[in-house]
Amino acid sequence: MVALSKTIFKAYDIRGVIDKTLDEGIARHIGRAFGAAALAKGERKVVIGRDGRLSGPGLTAALGEGLRDAGVDVIDLGMVATPMVYYATNLLDTRSGIMVTGSHNPPDYNGFKMVLAGEAIHGESITALHDSIAAYDGAIGPQRGSYATHDIRAAYLERIVQDVKIARPIKIAVDCGNGVAGAFAGDLYRGMGCEVVELFCDVDGTFPNHHPDPAHPENLQDLVKALQDTDAEIGLAFDGDGDRLGIVTKDGQIIFPDRQMMLFASDVLSRNPGAEILYDVKCTRHLAPWIEQAGGRPLMWKTGHSLVKAKLKETGSPLGGEMSGHIFFKDRWYGFDDGLYAGARMLEILTKEADPSALLNSLPIASSTPELHLHLKEGENFTLIDSLRANARFPTSTSINGIDGLRVEYPDGFGLARSSNTTPVVVLRFEGENPEALARIQAEFKTVILAAKPDAELPF
1 MVALSKTIFK AYDIRGVIDK TLDEGIARHI GRAFGAAALA KGERKVVIGR DGRLSGPGLT
61 AALGEGLRDA GVDVIDLGMV ATPMVYYATN LLDTRSGIMV TGSHNPPDYN GFKMVLAGEA
121 IHGESITALH DSIAAYDGAI GPQRGSYATH DIRAAYLERI VQDVKIARPI KIAVDCGNGV
181 AGAFAGDLYR GMGCEVVELF CDVDGTFPNH HPDPAHPENL QDLVKALQDT DAEIGLAFDG
241 DGDRLGIVTK DGQIIFPDRQ MMLFASDVLS RNPGAEILYD VKCTRHLAPW IEQAGGRPLM
301 WKTGHSLVKA KLKETGSPLG GEMSGHIFFK DRWYGFDDGL YAGARMLEIL TKEADPSALL
361 NSLPIASSTP ELHLHLKEGE NFTLIDSLRA NARFPTSTSI NGIDGLRVEY PDGFGLARSS
421 NTTPVVVLRF EGENPEALAR IQAEFKTVIL AAKPDAELPF
């Protein structure tokens, strides 16, 4: 058994490398600790599921044993997309669930996304699981929990097909990158009335074709080619566990999630006038005025799927979204991030158009960078951001938002530097109304970062 390592307990979930920082022994301990936390909140049942990774069956079985050791009844959904675990916590007689998934990480990773008593746990709640395991004295609950299996597939697909209606038939291409979404996406969209060209929808935990992460353009090139080579009108892509969505137009343009959010916001605000719409600090500066013009109230928030879910619950907002591709619908849905459902909602909007790609390509766009990573030593990412907060001056900026790192606004763009909560990295993103503005903003950031850390190896 590998030794317990605090490094796998991240800000939003638990994640480790198989046989180095995570194995079945650790999984059983996590089950026992989570089970005790569930019982403390009056929860008697926990739903579990897993993605398509090769380590999934063993970890899930051990997790279930740990939960039962604590005295919790386990409902095992088998191999499912992450949002199907979230859905099951709303549908079945339980508000707690654990998904065994490595999301978009390399094949030798795996981990756990958790919902406890209806809350996506993060931060101190995850640290508390580590502390509970470290203090464990070997005691077993007075009564061992039961084990049952449940097939959620039909109920999940039917719930979406009954609610989301396309305006006309459409042919689409779907790339699941051999992630677990491939087991469900084709049937979902065919059930809605779409003709579906499937790419890499056979679930294979070695990810033999490309990495299942639609946030990176190189992972979308097969989808771009499929749209060129077939008469499919639009392309949808999903990450390894199906909770994030990527979109590609007929002419090969990538519609990143902050632009997807413009269409989603307009649609949701048509039924919820004046509502607050959440988005994270990495999103385009064009999103806030778009939300205002659609009659909504924009609210920028911290990055992190658990943090957005918590804020959504706190504010009562009907919609939230992250640049990473997590989209959260409370309007007609349950407020959790679901790439498959978001894809369905996008098709509902796009099929009202004769040319869906023209609508997507007409959305406001600026010159921008993808997410850039400044790699540092453990802990240095937080130190650097603290130093920039205290000392950095941005002479041509109009305002600085410190809600999550530093988002520096300019008349013609923005620059962002924030500490990753999962790896020793400072995340950077830049946007300008034109290439000249983008270059100027990046130059200003380069000056202040190198002043704080002269040996920084900047990714721009």
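The opening position of the sequence shown corresponds to residue 1 in full-length UniProt numbering, with each subsequent residue numbered one higher.
We put the CB at the ideal spot given by N, CA and C, even for glycine.
### Query
Under the DSSP definition of a beta bridge, which residues are partnered with D280?
Counting from 1 along the sequence shown, the entry for residue 280 is found at position 280. Under DSSP, D280 takes part in a beta bridge, and its partners are W301.
### Query
Are A38 and V72 touching if we call contact CB-CB under 8 Å?
Here residue 38 refers to the residue found at position 38 when the sequence shown is read from its first residue. Here residue 72 refers to the residue found at position 72 when the sequence shown is read from its first residue. With a cutoff of 8 Å on beta-carbon distance, A38 and V72 are scored as near each other.
### Contact belief for D51 with G145 at Cβ below 8 Å, rounded distance in angstroms
Within the sequence shown, the letter at position 51 stands for residue 51. Within the sequence shown, the letter at position 145 stands for residue 145. Wrong, their Cβ atoms sit about 23 Å apart, outside the cutoff.
### Message
Within 8 Å, do at least three Cβ pairs link the region 261-277 to the region 291-310?
### Response
Touching, yes, given that three or more Cβ pairs across the two stretches are closer than 8 Å.
### Message
Helix, strand or coil for N381? Go by DSSP, reduced to three states.
### Response
Residue numbering aside, residue 381 sits at position 381 when the sequence shown is read from its first letter. In this structure, N381 counts as helix in the three-state DSSP scheme.
### Message
Am I right that L220 and G246 are in contact with their C-beta atoms under 8 Å? What's the rounded C-beta distance?
### Response
The residue labelled residue 220 in the question sits at position 220 within the sequence shown. The residue labelled residue 246 in the question sits at position 246 within the sequence shown. About 6 Å separates the beta carbon of L220 from that of G246, a gap short enough to meet the 8 Å contact definition.
### Query
Considering only the beta carbon of each residue, do G240 and P212 sit closer than 8 Å?
As a first step, residue 240 is located in the sequence shown; it is residue number 240 there, counting from the start. As a first step, residue 212 is located in the sequence shown; it is residue number 212 there, counting from the start. Against a cut-off of 8 Å, the Cβ pair of P212 and G240 comes out as a contact.
### Query
Helix or strand or just coil, what does DSSP make of F200?
Counting from one through the sequence shown, the residue named residue 200 turns up at place 200. In this structure, F200 counts as coil in the three-state DSSP scheme.
### Query
Alpha carbon to alpha carbon, how far is A336 from D267?
Position 336 of the sequence shown, counted from the first residue, corresponds to residue 336. Position 267 of the sequence shown, counted from the first residue, corresponds to residue 267. The question names Ala, but residue 336 is Phe in the sequence shown. Here the alpha carbon of F336 sits roughly 18 Å from the alpha carbon of D267.
### Task
Label D69 either buried or exposed according to how many other C-beta atoms from any shown protein chain fall within 10 Å of its C-beta, with 16 as the threshold for buried.
Working through the sequence shown from its first residue, we reach residue 69 at position 69. With 16 or more Cβ atoms within 10 Å of its Cβ, D69 is classed as buried.
#### Entry: Contact check, N381 vs P318, beta carbons under 8 Å
Counting from one through the sequence shown, the residue named residue 381 turns up at place 381. Counting from one through the sequence shown, the residue named residue 318 turns up at place 318. The criterion of a C-beta distance shorter than 8 Å is not satisfied by N381 and P318.
### Query
Helix, strand or coil for T101 per DSSP?
Indexing the sequence shown from 1 puts residue 101 at position 101. Reduced to three states, the DSSP call for T101 is coil.
### Query
Which same chain residues, not among the five before or five after V448, have their C-beta less than 6 Å away from its C-beta?
Within the sequence shown, the letter at position 448 stands for residue 448. Cβ-Cβ distances below 6 Å link V448 to A392 in the same chain, with the five nearest sequence neighbours on each side left out; the list follows chain order.
### Query
Closest by CA to Y147, which one among I234, N105 and R44?
Position 147 of the sequence shown, counted from the first residue, corresponds to residue 147. Here the closest residue by C-alpha is R44.
### Task
Report back the beta-carbon spacing between G97 and V85 to the nearest angstrom; my notes put them in contact at under 8 Å.
Here the question's residue 97 lines up with position 97 in the sequence shown. Here the question's residue 85 lines up with position 85 in the sequence shown. Contact flag correct, Cβ pair sits at about 5 Å.
### Query
Would you say the region 359-377 touches the region 414-431, given that touching needs at least three Cβ pairs under 8 Å?
Cβ pair count under 8 Å is three or more, so yes.
### Task
State the beta-bridge partners of T149 as determined by DSSP.
Numbered from 1 along the sequence shown, position 149 holds the residue referred to as residue 149. Listed as beta-bridge partners of T149 by DSSP are D76.
### Task
Buried or exposed for K282, please, with buried defined as at least 16 other CB atoms from any protein chain shown within 10 angstroms of its CB.
Position 282 of the sequence shown, counted from the start, is the residue given in the question as residue 282. K282 is classed as buried because its beta carbon has at least 16 other beta carbons within 10 Å across all chains shown.
#### Entry: N- and C-terminal bounds of the alpha helix (DSSP H) containing G56
Your numbering for residue 56 matches position 56 in the sequence shown. DSSP places G56 inside the alpha helix (DSSP H), whose first and last residues are G56 to D69.
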